[in-house]
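Colleague: Under our numbering, the first residue of the sequence shown carries the number 1, and numbering increases by one thereafter.
Questions regarding the structure given below will be posed in turn.
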Amino acid sequence: MKKLVLLFALFSVSRIFGSNIDTLELQSEIKDVTVFFDGAQITRVASKVLSKGKQLLEMDRLPAELNPQSIQVKNDKGFKILSVKHALTYPKSKSKVKEEYEEKIEREEMRMKEISNELDVYRIEEKILLSNSDFSSKDSGTTIAEIKEASVFYRQKLNEIRKERLKLSLEHKKLKDNIHELYKELNQKLAKENKTYSKISIIVSADKPTKTTFKVSYFVASAGWSPIYDFRVNSIKAPLNIVYNAKIFQSTGEDWEKVNLTLSTNRPSVNNEKPTLEPWFIDRTRVEQEKININGQSALKGTATDYSSGEPLPFVNIVVRDGDKTVAGGVTDFDGNYLIKPIAPGVYDVEASYVGYENKMVHSVRFSSDRVVVLDFEMEEGELLSEVEVVQYKVPLIAKDAGASGAVITREELSRMPGRSAGAVASKVHRVRGSRSDGGEYYIDGIRVSSSLPKSQVVIIDGYATETNITSLEYKIDIPYSISSDGEDYTVKIKEIQTPAEYVYFAVPKLDEEAFLTAQIQNWTALDLLPGKVSTYYQGTFTGESEIKAEMRDTLSISLNRDKNVAIERKLLKEKNEKLFLGKNIKEYINWSITVKNNTAEVIKIKLEDQFPIAENRMIDIDRLETSGGAVEEKTGIVTWDLELKPGEKKELLLKYAIKYPTYMMNNLSLE
1 MKKLVLLFAL FSVSRIFGSN IDTLELQSEI KDVTVFFDGA QITRVASKVL SKGKQLLEMD
61 RLPAELNPQS IQVKNDKGFK ILSVKHALTY PKSKSKVKEE YEEKIEREEM RMKEISNELD
121 VYRIEEKILL SNSDFSSKDS GTTIAEIKEA SVFYRQKLNE IRKERLKLSL EHKKLKDNIH
181 ELYKELNQKL AKENKTYSKI SIIVSADKPT KTTFKVSYFV ASAGWSPIYD FRVNSIKAPL
241 NIVYNAKIFQ STGEDWEKVN LTLSTNRPSV NNEKPTLEPW FIDRTRVEQE KININGQSAL
301 KGTATDYSSG EPLPFVNIVV RDGDKTVAGG VTDFDGNYLI KPIAPGVYDV EASYVGYENK
361 MVHSVRFSSD RVVVLDFEME EGELLSEVEV VQYKVPLIAK DAGASGAVIT REELSRMPGR
421 SAGAVASKVH RVRGSRSDGG EYYIDGIRVS SSLPKSQVVI IDGYATETNI TSLEYKIDIP
481 YSISSDGEDY TVKIKEIQTP AEYVYFAVPK LDEEAFLTAQ IQNWTALDLL PGKVSTYYQG
541 TFTGESEIKA EMRDTLSISL NRDKNVAIER KLLKEKNEKL FLGKNIKEYI NWSITVKNNT
601 AEVIKIKLED QFPIAENRMI DIDRLETSGG AVEEKTGIVT WDLELKPGEK KELLLKYAIK
661 YPTYMMNNLS LE
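As structure tokens, then:
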């Protein structure tokens, strides 16, 4: 019975798509983008006037990587959506644009050959003239008048020949430059034409002529964002200013022009299935399974240059292949650089193609998790339709940026690189085609279709909308932004807040005799601060970088600045030190002085740390004699002083201890 229902459903859809109905192109614009840590949801908006009856609407040239299971079609009421279908469109075998440019290039090359022939003729003519310019071989003497007349003739003729040769050489060079420009233009156009795209086909039925608006959204993996912050302090009496920023990148193949951005902390490309423990039998041999990092990605970067001149080549098409399947791809920019990410770990072939140059194929390139492969191409000029030069990939002895398989990418860059497992976004709910779900949505061919536009409750904070739920956080950016599809980072400001902070100086004079100003933020998790990089500014000056890490502490401590207005000195009081010989033992008394002075105009809090030595040998006894009121951590021997100093106030702290040890250890101990 189930098979009959399935066959009937497939037959119905085939009848719908196979019937003779009007086909309309659905022009759309990207209006809204929700960027996740891994991937992005693109929402396109299109308006169309529908006539009465059935129509097929096609939205073409969408990213090939979009996940079909994530497609959502939403529309105004007034007509029915009968079916939604996704398909890939492949490049045409013969491009009209390529034919047009080949004709132009052929004409230029033909003229270059004509010029080469003319130059050869002039060279022969010049050679004949020069070979017949020797008058000494004549039997009879040559008069001066004849020599003058001949010299004028030769001068005029040789000047004429060489001027023509120079003119033709310049024209030849100009034609060659024109051909290079034509190749560049052609490759720029082919970079878009020779791509595989997605196409969404929607069949609708209207009872009457209707003007309607569609919203079509889908998920792509090659985008992401990471949080970065600016911590700004003007005075230790003022609140801390925190500027929330985001670094956004995308290489989806379509530019986002003035789109409404939403930043989400969701990770739809990460497997959300909870782990399950299997029975553990201790009397069985345990087999360790290979651990696979599902979040580990790889990337490919490099340059493409002209082999002869070394000049960068823009619009070179770089494709990563697994057999006949395209895994990833990209094109070089105007400086000949390219960056392709993410790429699932594996072994692939990499091909570089550029019209007018020989194609190059590098076999068996290994892409490892959390690594970047660096691969440069030197392209050699060739015929329009040349064979592909195939080479075997070899790991460089010294990679440009680091390890043997390429450059080691930073943790920050890895966190920006999205995963390829877009299938995790697919809905786990299976429904009969055409049945209605609880949320006013339909599932047709596994694609979610909605007849109404859902609304969400949003809270506005400092002009920016923030939406939270149990598991994620969203920032809605009010100002439209443009993000190009080039894999580069674009910084977007999210919001700016002020929060109370306690400013405390911190110093460890034993290691560094400078005071570090820190901001102590209580209950920092309420500020929705995510793990990320922090740039610190003190009184308008950039002071360095720090990092917010996922911690269990209630107080977040951020180092802001070194402050030379707090003077610190640590010195050994040699005049007070003693060494006593007690039979087979020695007892030494060590005295340290730590002086701190507040040269600022404000009352400051400062925390100082030093330490007592610790002995693991029972033959050694250590007496902690003086701390000037410092708190001692028994296990570590660390001494902490929490001080408050008025402007101009100076305070001296003493640290004194005695060490008793056997005489034979005298030269092997570090007592100071």
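For each residue, glycine too, the CB sits at the ideal point set by N, CA and C.
Hey, out of Ser369, Ile242, Leu186, Lys247, whose CA is closest to Ser353's CA?
Modeller: Indexing the sequence shown from 1 puts residue 353 at position 353. Among Ser369, Ile242, Leu186, Lys247, the Cα nearest to that of Ser353 belongs to Leu186.
Colleague: Take every Cβ of the region 506–520, pair it with every Cβ of the region 479–493, and state whether three or more of those distances are shorter than 8 Å.
Modeller: Output reads no: the region 479–493 does not touch the region 506–520.
Colleague: What do you reckon, is the C-beta of Glu25 under 7 Å from a heavy atom of the ligand ADP?
Modeller: Absence of the ligand ADP from the depicted structure is noted, as is the absence of any ligand whatsoever, leaving it without description.
Colleague: For the region 257–264 against the region 71–89, are there 3 or more C-beta pairs whose distance is under 8 Å?
Modeller: no
Colleague: When DSSP labels each residue in this structure, what does Glu578 get in the three-state scheme?
Modeller: Against the sequence shown, residue 578 aligns to sequence position 578. For Glu578, the three-state secondary structure derived from DSSP is strand.
Colleague: Restricting to Cα atoms, I'd like to know which of Met619, Gln55, Ser51, Ser28 is closest to Ile42.
Modeller: As a first step, residue 42 is located in the sequence shown; it is residue number 42 there, counting from the start. With distances taken between Cα atoms, Ile42 lies closest to Ser28.
Colleague: If we ignore side chains and look at the alpha-carbon of each, how far apart do Lys660 and Asn667 end up?
Modeller: Looking up residue 660 in the sequence shown gives position 660. Looking up residue 667 in the sequence shown gives position 667. Whole-angstrom Cα-Cα distance: 14 Å.
Colleague: Of all the options Ala150, Lys96, Pro68, which has the alpha carbon lying nearest to the alpha carbon of Val84?
Modeller: Residue mapping note: residue 84 aligns to position 84 of the sequence shown, counting from 1. The residue with the shortest Cα to Cα distance from Val84 is Pro68.
Colleague: Could you tell me whether the Cβ atoms of Ala64 and Phe214 are closer together than 8 Å?
Modeller: For this step, residue 64 is matched to residue 64 along the sequence shown. For this step, residue 214 is matched to residue 214 along the sequence shown. No.
Colleague: Tell me which residue opens and which closes the beta strand (DSSP E) that Asp120 is part of.
Modeller: Here residue 120 refers to the residue found at position 120 when the sequence shown is read from its first residue. Careful: Asp120 lies outside any beta strand (DSSP E), inside the alpha helix (DSSP H) at 96–131.
Colleague: Could you tell me which uninterrupted beta strand (DSSP E) segments, each at least 3 residues in length, are contained entirely in the region 559–603, listed from first to last along the chain?
Modeller: 566–572, 578–582, 585–598
Colleague: Check for me: the beta strand (DSSP E) holding Lys225 runs from which residue to which?
Modeller: Locating residue 225 in the sequence shown gives position 225, counting from the first residue. It is Trp, not Lys, that sits at residue 225 in the sequence shown. According to the DSSP assignment, Trp225 belongs to the beta strand (DSSP E) that extends over 223–233.
Colleague: With DSSP run on the structure shown, which of helix, strand or coil describes Phe249?
Modeller: Locating residue 249 in the sequence shown gives position 249, counting from the first residue. Strand at Phe249.
Colleague: Please go through the same chain and pick out, in chain order, the residues whose beta-carbon is closer than 6 Å to the beta-carbon of Gly356, but skip the five residues on each side of it.
Modeller: As a first step, residue 356 is located in the sequence shown; it is residue number 356 there, counting from the start. Contacts found: Tyr183.
Colleague: What three-state label does DSSP hand Arg162 in the structure shown?
Modeller: Numbered from its first residue, the sequence shown carries residue 162 at position 162. Three-state result, Arg162: helix.
Colleague: Quick check: the Cα distance between Lys713 and Arg553, rounded to an integer number of angstroms?
Modeller: Past the boundaries of the shown model lies residue 713; the chain is included only from 1 to 672, so the question cannot be answered.
Colleague: Locate the beta strand (DSSP E) running through Lys211, then write down its first and last residues.
Modeller: The residue given as residue 211 occupies position 211 in the sequence shown. According to the DSSP assignment, Lys211 belongs to the beta strand (DSSP E) that extends over 210–220.
Colleague: With distances taken from CA atoms, which of Pro613, Glu644, Glu626, Ile620 is nearest Thr636?
Modeller: Here the question's residue 636 lines up with position 636 in the sequence shown. Per the Cα distances, Pro613.
Colleague: Taking the beta strand (DSSP E) that Gly540 falls in, what are its first and last residues?
Modeller: Position 540 of the sequence shown, counted from the first residue, corresponds to residue 540. That residue, Gly540, is in no beta strand (DSSP E); it is neither H nor E in DSSP.
Colleague: Do the region 518–535 and the region 574–585 touch if we need at least three Cβ pairs shorter than 8 Å?
Modeller: no
Colleague: Where do the ends of the beta strand (DSSP E) carrying Trp690 lie?
Modeller: Since the first residue of the chain shown is 1 and the last is 672, residue 690 is not available in this structure.
Colleague: According to DSSP, simplified to helix, strand and coil, what is Asp478?
Modeller: To locate residue 478, count along the sequence shown from 1; it is residue 478. DSSP places Asp478 in coil when its eight states are reduced to three.
Colleague: Less than 7 Å between C-beta atoms, sequence neighbours within five positions excluded: which residues of the same chain meet that for Pro662?
Modeller: The sequence position of residue 662 within the sequence shown is 662, counting from 1. Within the same chain, Pro662 has close Cβ partners Lys584, Asn585, Met619.
Colleague: Give the secondary structure of Arg416 by DSSP, where H, G and I count as helix, E and B as strand, and everything else as coil.
Modeller: By 1-based counting over the sequence shown, the position of residue 416 is 416. For Arg416, the predicted model reports a pLDDT of 45, less than 50, meaning its position is unreliable; a value from the coordinates is still stated below. In the structure shown, Arg416 sits in a helix (DSSP, three-state: H, G or I).
Colleague: Kindly indicate which three-state DSSP category Asn266 falls into: helix, strand or coil?
Modeller: To locate residue 266, count along the sequence shown from 1; it is residue 266. Looking at Asn266 - three-state DSSP - the assignment turns out to be coil, as it is neither helix nor strand.
Colleague: Counting Cβ pairs, one atom from each stretch, are 3 or more of them under 8 Å apart for the region 118–126 and the region 147–164?
Modeller: yes
Colleague: Three or more C-beta pairs under 8 Å: does that hold for the region 299–308 against the region 229–242?
Modeller: no
Colleague: Give the list of continuous beta strand (DSSP E) stretches no shorter than 3 residues that lie fully inside the region 19–85.
Modeller: 22–25, 29–35, 40–50, 53–63, 72–75
Colleague: What is the DSSP secondary structure of Tyr505, counted as helix, strand or coil?
Modeller: As a first step, residue 505 is located in the sequence shown; it is residue number 505 there, counting from the start. Of the three classes helix, strand and coil, the one that applies to Tyr505 here is strand, per DSSP.
Colleague: Gln55 and Val204 - do their beta-carbons sit closer together than 8 Å?
Modeller: Locating residue 204 in the sequence shown gives position 204, where the first residue counts as 1. Locating residue 55 in the sequence shown gives position 55, where the first residue counts as 1. Closer than 8 Å, so yes.
Colleague: Over the uninterrupted beta strand (DSSP E) stretch that includes Asn337, give me the two end residues.
Modeller: Counting from one through the sequence shown, the residue named residue 337 turns up at place 337. Residues 337–343.
Colleague: How about Gln498: is its C-beta nearer than 8 Å to some C-beta of chain C?
Modeller: In the structure shown, chain C does not exist; there is a single protein chain.
Colleague: Do Glu254 and Ile30 have their C-beta atoms closer together than 8 Å?
Modeller: In the sequence shown, residue 254 corresponds to position 254, counting from 1. In the sequence shown, residue 30 corresponds to position 30, counting from 1. Yes, Cβ-Cβ distance for Glu254 and Ile30 is below 8 Å.
Colleague: Nearest-angstrom Cα distance between Glu602 and Ile479?
Modeller: Along the sequence shown, read from residue 1 onward, the residue named residue 602 stands at position 602. Along the sequence shown, read from residue 1 onward, the residue named residue 479 stands at position 479. Cα-Cα distance, rounded: 40 Å.
Colleague: Only counting the same chain, and skipping five residues up and downstream in sequence, which positions put a Cβ closer than 7 Å to that of Thr471?
Modeller: Your numbering for residue 471 matches position 471 in the sequence shown. Because the pLDDT of Thr471 is 49, which lies under 50, any placement of that residue in the model is unreliable, and the number read from its coordinates should be weighed accordingly. For Thr471, where only same-chain residues beyond five positions count, there are no Cβ hits under 7 Å.
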